[in-house]
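Asker: Questions regarding the structure given below will be posed in turn.
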Amino acid sequence: MMVQKNTPRIYSLDLLRGVVMILMALDHVRYFFHTDAQIHNPEDLSATTPILFFTRWVTHFCAPVFIFLAGISAFLFAERKGKEQAFRFLISRGLFLIFLELTLFRLAWDGSFEGMHFNLLVIWAIGVSMIFLAIAIKLLNDKMLLIIGAIIIFGHNLLDGIKANPETFFGKIWILLHESNFFKLTDSISVFVLYPLLPYFGAILLGWCCGKIFSDRFDKMKRRNILLWMGVGGIILFILLRFSNLYGDPDQWSVQKNPAYTFFSFFKTTKYPTSLLFLLMTIAPALLLLYAADRKVPKLFFPLIETGQAPMFFYIIHLFLIRWIAQIGGGFNTYTLAGVYAAWIIVIIILYILCRYYRKYKFTHRGKRWLTYL
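Under the numbering used here, read the sequence shown as residues -18 to 355, first letter to last.
What follows is the structure, given as structure tokens:
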């Protein structure tokens, strides 16, 4: 594996990023390929199957873990380049992501630019969260960032009872922040917010604060202990809160027709907007993976590391690649779940080859500034 010189990398972070990107591709292949994708929610316990539920559930790790990693990466960037340069990069990177969401990714998802309806998806949420993070690190110290991030993550479900009126200015702002909903920006422009911002801003803040333990100056053994106890503690807290049905998610679990579906109900937490339990369910196990990979990453996992070092390139290419394969391979939503997994394997192989060549180009052309955005 080609290693970038003069810039120390923490391969456990690249590995985790690569894992969530591969899982993300599975979810998007399912969206374009599976016969039931446009018919019912794979987490609808009245209509799903165990393998379909798992196929959807395992991909829930992608968005929260990726934005948590974005916060860590932002901290490490600031440590190398300084907060002022990190501020400028986060602002420009955030604006770039918002632009992509409204243009290139709209084309990838919808297949055209027809109509004036805009879906604000995960890339938009990441972009705006980066801009908010840039402003936050400019104004506040790390202790305050940690406090604010923790308050948002652990307290935002207290706001679930507030319902927006999409026709008012406050209602539109509230939808952007905390309620997955639709509103009309003008008579001719409509907006659907799938990923409200508040929990993801909290996640990127906590990622920034967690970045300190990945510093070269931080004791590695202490880092492993912190990752272990945060991961274990997060899982225990998730189990206790979820079992109690008292707080952390607007949808309670319940006994179902058999133990397997009761188990599914327990782990069926709310993604839109992202609940506290959803974040605990996804980020806590990710911390344990970072702990496990912190000592040494086996060579077997190097392809995941290489993939994880080209996240934006991967994201741009994978959407168009999946759409193209679906179009030439029988049409959208015409495959069984077995076909979905077969297509996913093909997509991953192609993407790995492309990412491998791209990262070689990127590491040998570090002077090209535009490459920092991909």
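Glycine included, C-beta positions come from ideal geometry on N, C-alpha and C.
Can you tell which of P31, G136 and I134 has its C-alpha closest to the C-alpha of T243?
Answerer: Within the sequence shown, numbered from 1, the residue matching residue 243 stands at position 262. Ranking P31, G136 and I134 by Cα distance to T243 puts P31 first.
Asker: Pull up the CB-CB distance for Y181 and A106, whole angstroms please, since I reckon it's below 8 angstroms.
Answerer: For the purposes of this step, residue 181 is identified with residue 200 of the sequence shown, where counting begins at 1. For the purposes of this step, residue 106 is identified with residue 125 of the sequence shown, where counting begins at 1. With a Cβ gap of about 5 angstroms, Y181 and A106 count as contacting.
Asker: M111: buried (16+ other C-beta within 10 angstroms of its C-beta) or exposed?
Answerer: As a working mapping, residue 111 is identified with position 130 in the sequence shown. Its Cβ being crowded by 16 or more others within 10 Å, M111 is buried.
Asker: Among all the DSSP beta bridges, which residues are the ones paired with V172?
Answerer: Position 191 of the sequence shown, counted from the start, is the residue given in the question as residue 172. BP columns for V172 point to F99 and F164.
Asker: With a Cβ-Cβ cutoff of 7 angstroms, do F58 and A67 count as a contact?
Answerer: Counted from its first residue, the sequence shown places residue 58 at position 77. Counted from its first residue, the sequence shown places residue 67 at position 86. Yes, the Cβ-Cβ distance between F58 and A67 is below 7 angstroms.
Asker: Excluding the 5 residues preceding and the 5 following S246 in the sequence, name in chain order all residues of the same chain whose CB lies nearer than 7 angstroms to its CB.
Answerer: As a first step, residue 246 is located in the sequence shown; it is residue number 265 there, counting from the start. Closer than 7 angstroms at the Cβ level, and outside the excluded window around S246, lie L26, W234, S235 and Q237.
Asker: Classify K144: buried if its beta carbon has 16 or more other beta carbons within 10 angstroms, exposed otherwise.
Answerer: As a position in the sequence shown, residue 144 is number 163, starting the count at 1. By the neighbour-count rule (16 or more Cβ atoms within 10 Å), K144 is not buried but exposed.
Asker: Is L(-4) near V278, with beta carbons less than 7 angstroms apart?
Answerer: Taking the first residue of the sequence shown as position 1, residue -4 is located at position 15. Taking the first residue of the sequence shown as position 1, residue 278 is located at position 297. For L(-4) and V278, yes; Cβs fall inside 7 angstroms.
Asker: Less than 7 angstroms separating the beta-carbons of F294 and L355?
Answerer: Your numbering for residue 294 matches position 313 in the sequence shown. Your numbering for residue 355 matches position 374 in the sequence shown. Yes, they are a contact pair.
Asker: Can you tell me whether DSSP reads I(-9) as helix, strand or coil?
Answerer: The residue labelled residue -9 in the question sits at position 10 within the sequence shown. Coil at I(-9), not helix or strand.
Asker: Which complete alpha helix (DSSP H) runs does the stretch 251 to 303 hold, if anything under 4 residues is left out?
Answerer: Runs found: 257 to 274 and 283 to 289.
Asker: Could you compute how far the alpha carbon of T353 sits from the alpha carbon of F14?
Answerer: Counting from one through the sequence shown, the residue named residue 353 turns up at place 372. Counting from one through the sequence shown, the residue named residue 14 turns up at place 33. When rounded, the distance between both Cα atoms is 32 angstroms.
Asker: Which residue comes first and which comes last in the alpha helix (DSSP H) that contains E65?
Answerer: Within the sequence shown, the letter at position 84 stands for residue 65. K64 to L83 is the extent of the alpha helix (DSSP H) around E65.
Asker: State the DSSP-derived secondary structure class of Y228, mapped to helix, strand or coil.
Answerer: As a first step, residue 228 must be located in the sequence shown, where it is residue number 247. Correct three-state label for Y228: coil.
Asker: Inspect the beta-carbon positions of S(-7) and A291 and report whether they are closer than 7 angstroms.
Answerer: Translated into positions along the sequence shown, residue -7 becomes position 12. Translated into positions along the sequence shown, residue 291 becomes position 310. Contact flag unset, no.
Asker: Give the list of continuous beta strand (DSSP E) stretches no shorter than 3 residues that lie fully inside the stretch 97 to 143.
Answerer: As far as the stretch 97 to 143 is concerned, its whole beta strand (DSSP E) runs of at least 3 residues are 98 to 101.
Asker: Quick check on DSSP: helix, strand or coil for H346?
Answerer: By one-based count along the sequence shown, residue 346 stands at place 365. Coil at H346, not helix or strand.
Asker: Just verifying my parser: in three-state terms, what is the DSSP assignment at I48?
Answerer: Residue numbering aside, residue 48 sits at position 67 when the sequence shown is read from its first letter. The answer is helix: DSSP assigns I48 an H, G or I state.
Asker: With DSSP run on the structure shown, which of helix, strand or coil describes H41?
Answerer: The residue you call residue 41 lines up with position 60 of the sequence shown. Reduced to three states, the DSSP call for H41 is helix.
Asker: How many Å lie between G108 and N226 at the Cα?
Answerer: Counting from one through the sequence shown, the residue named residue 108 turns up at place 127. Counting from one through the sequence shown, the residue named residue 226 turns up at place 245. Whole-angstrom Cα-Cα distance: 33 angstroms.
Asker: Out of curiosity, what's the CA-to-CA distance linking T(-12) and V0?
Answerer: Translated into positions along the sequence shown, residue -12 becomes position 7. Translated into positions along the sequence shown, residue 0 becomes position 19. Model confidence at T(-12) stands at a pLDDT of 46, short of 50, so the residue's coordinates are unreliable and nothing is read from them.
Asker: From G311 to I326, what does the alpha carbon distance come to, in whole angstroms?
Answerer: By one-based count along the sequence shown, residue 311 stands at place 330. By one-based count along the sequence shown, residue 326 stands at place 345. Straight-line Cα distance between these residues: approximately 17 angstroms.
Asker: How many whole angstroms separate the CB atoms of F47 and R(-2), which I take to be in contact at a CB cut-off of 8 angstroms?
Answerer: Taking the sequence shown and counting its residues from 1, one reaches residue 47 at position 66. Taking the sequence shown and counting its residues from 1, one reaches residue -2 at position 17. About 7 angstroms; that satisfies the 8 angstroms criterion.
Asker: Examine the Cβ distances between the stretch 214 to 224 and the stretch 154 to 173 and report whether three or more of them are shorter than 8 angstroms.
Answerer: Contact fails: fewer than three Cβ-Cβ distances are below 8 angstroms.
Asker: So, helix, strand or coil for H15, using DSSP?
Answerer: Numbered from 1 along the sequence shown, position 34 holds the residue referred to as residue 15. H15: strand per DSSP, three-state reduction.
Asker: Exposed or buried, which one is G92 when buried takes at least 16 other CB atoms within 10 Å?
Answerer: Within the sequence shown, numbered from 1, the residue matching residue 92 stands at position 111. Flag for G92 reads exposed.
Asker: Please classify L120 as buried or exposed, where buried requires at least 16 neighbouring CB atoms within 10 angstroms.
Answerer: As a first step, residue 120 is located in the sequence shown; it is residue number 139 there, counting from the start. With fewer than 16 other Cβ atoms within 10 Å, it is exposed.
Asker: Cα separation between I303 and I309?
Answerer: Taking the sequence shown and counting its residues from 1, the one referred to as residue 303 is at position 322. Taking the sequence shown and counting its residues from 1, the one referred to as residue 309 is at position 328. When rounded, the distance between both Cα atoms is 10 angstroms.
Asker: Tell me where the alpha helix (DSSP H) around S246 begins and ends.
Answerer: The residue you call residue 246 lines up with position 265 of the sequence shown. Where S246 is concerned, the enclosing alpha helix (DSSP H) stretches over P240 to F248.
Asker: Would D230 and T255 qualify as a contact pair, given that the criterion is a beta-carbon distance under 7 angstroms?
Answerer: Residue numbering aside, residue 230 sits at position 249 when the sequence shown is read from its first letter. Residue numbering aside, residue 255 sits at position 274 when the sequence shown is read from its first letter. No.
Asker: In angstroms, rounded to a whole number, what distance separates the CA positions of N100 and R198?
Answerer: Counted from its first residue, the sequence shown places residue 100 at position 119. Counted from its first residue, the sequence shown places residue 198 at position 217. Cα to Cα, the separation comes out at about 42 angstroms.
Asker: Look at the alpha carbon of A44 and the alpha carbon of V103, and state the distance between them as a whole number of angstroms.
Answerer: The count along the sequence shown starts at 1 and reaches residue 44 at position 63. The count along the sequence shown starts at 1 and reaches residue 103 at position 122. Roughly 7 angstroms between the two C-alpha positions.
Asker: Bridge partners of Y316, per DSSP?
Answerer: Counting from one through the sequence shown, the residue named residue 316 turns up at place 335. According to DSSP, which records beta bridges pairwise, Y316 is partnered with H15.
Asker: In this structure, how does DSSP classify S93 when only helix, strand and coil are distinguished?
Answerer: As a working mapping, residue 93 is identified with position 112 in the sequence shown. It is coil, neither helix nor strand.
Asker: Can you tell me whether E82 is buried or exposed? The criterion is at least 16 other CB atoms within 10 Å of its CB, across all chains shown.
Answerer: For the purposes of this step, residue 82 is taken as the residue at position 101 of the sequence shown. Its Cβ being crowded by 16 or more others within 10 Å, E82 is buried.
Asker: Give the DSSP-derived three-state secondary structure of H9 in the structure shown.
Answerer: Taking the sequence shown and counting its residues from 1, the one referred to as residue 9 is at position 28. If DSSP states are grouped into helix, strand and coil, H9 belongs with the helices.
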